[in-house]
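Structure record follows, encoded as structure tokens.
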Amino acid sequence: MKKQFFQTLKNLQPWQKLAFVVGFTGIVMMSASPVLARYRLAYRLFQPYAGASVPYRGTDNLIDALSKEKKFSNLVYELKEAGLLEKLKQEKDFTIFAPTDAAFNALSRETFNRYRQPENRSRILNYHIVVGNVTEDDMNKGGKTTSEGSAVKIQVNPADESVKINGANTKYPSIQTKNGVIIEVDQVLTPPGF
């Protein structure tokens, strides 16, 4: 009679059954992991290098990168007028919600006149700046505190992973710089009580 090469599970000791189940489960999980991985476009908006196999950092600082994009010329001018250029050239990480020129041009005359007052200009522009990165935890909590002191509301649409900041649409992809991330928004954000 031939000796059976494979034992059946019912002939195994309990610890052998456990080892078999754990091993089999591990093999199934390892082979299925690419299917189980969730692609988070929304998270990549705030950290563009998160989906890359090698972290990417642009060589420009935030101000240099904004200056290269013509659609942010009003923002660069306003940051200069508010005295915030040097702050955004520092080595810290920042996230800036960058309104386009079209967003500034869409402001009503009344809002623009209030905005132009020096104390309001600085307050509103600081409301567009977050010290550090916006994390997935911040997205799950629904907001992040800005340099102005108030929090912006972050809304992620689960259907298409689009992101809104205080109701303003964001544009993907964001711009990674050596000291932060630039996220284009289609509105000038205003802090509570403005």
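In my numbering, the protein residues as written are 8 to 201. We treat Cβ as the ideally placed atom computed from N, Cα and C, and that holds for glycine.
query, result
"Presumed contact (8 Å Cβ cut-off) between Asn133 and Glu155, rounded CB distance", "4 Å"
"DSSP beta-bridge partners of Ala105", "Glu191"
"Whole-angstrom distance between Arg121 and Asn127, CA atom to CA atom", "7 Å"
"Pairwise C-alpha distance: Gln162 and Gln183", "21 Å"
"Glu191, buried or exposed, once every other Cβ within 10 Å from all chains shown has been counted against 16", "buried"
"Cβ pair Pro106, Ser157 closer than 9 Å", "no"
"Cβ-Cβ distance between Glu88 and Phe111 below 9 Å", "no"
"Own chain residues within Cβ distance below 8 Å of Lys75, not counting five before or after", "Asp67"
"From Lys96, Lys148, Gly90 and Ser115, residue whose alpha carbon lies closest to that of Leu69", "Lys96"
"Beta bridge counterpart(s) of Gly150 as assigned by DSSP", "Lys160"
"Exposure label - Asn186; buried when at least 16 CB within 10 Å", "buried"
"Pairwise C-alpha distance: Thr177 and Tyr169", "Here residue 169 is Ser; the residue named in the question, Tyr, does not match the sequence. In a straight line, the C-alpha of Ser169 is about 8 Å away from that of Thr177."
"Short Cβ contact (9 Å threshold) for Gly139 with Lys99", "yes"
"Collapsed DSSP secondary structure at Val141 in the structure displayed", "coil"
"Supposed contact pair Thr153 and Val137 - C-beta distance, whole angstroms, cut 8 Å", "5 Å"
"Anticipated Cβ contact below 8 Å, Lys151 with Asp108, distance rounded", "Actually they are not in contact, since the Cβ atoms of Lys151 and Asp108 sit about 25 Å apart, beyond 8 Å."
"Proximity below 9 Å, CB of Leu82 to CB of Leu73", "yes"
"Val5 - partner residues in DSSP beta bridges", "No statement about residue 5 is possible, as the shown extent of the chain runs from 8 to 201 and does not include it."
"Opening and closing residue of the beta strand (DSSP E) in which Ser181 lies", "Ala175 to Thr184"
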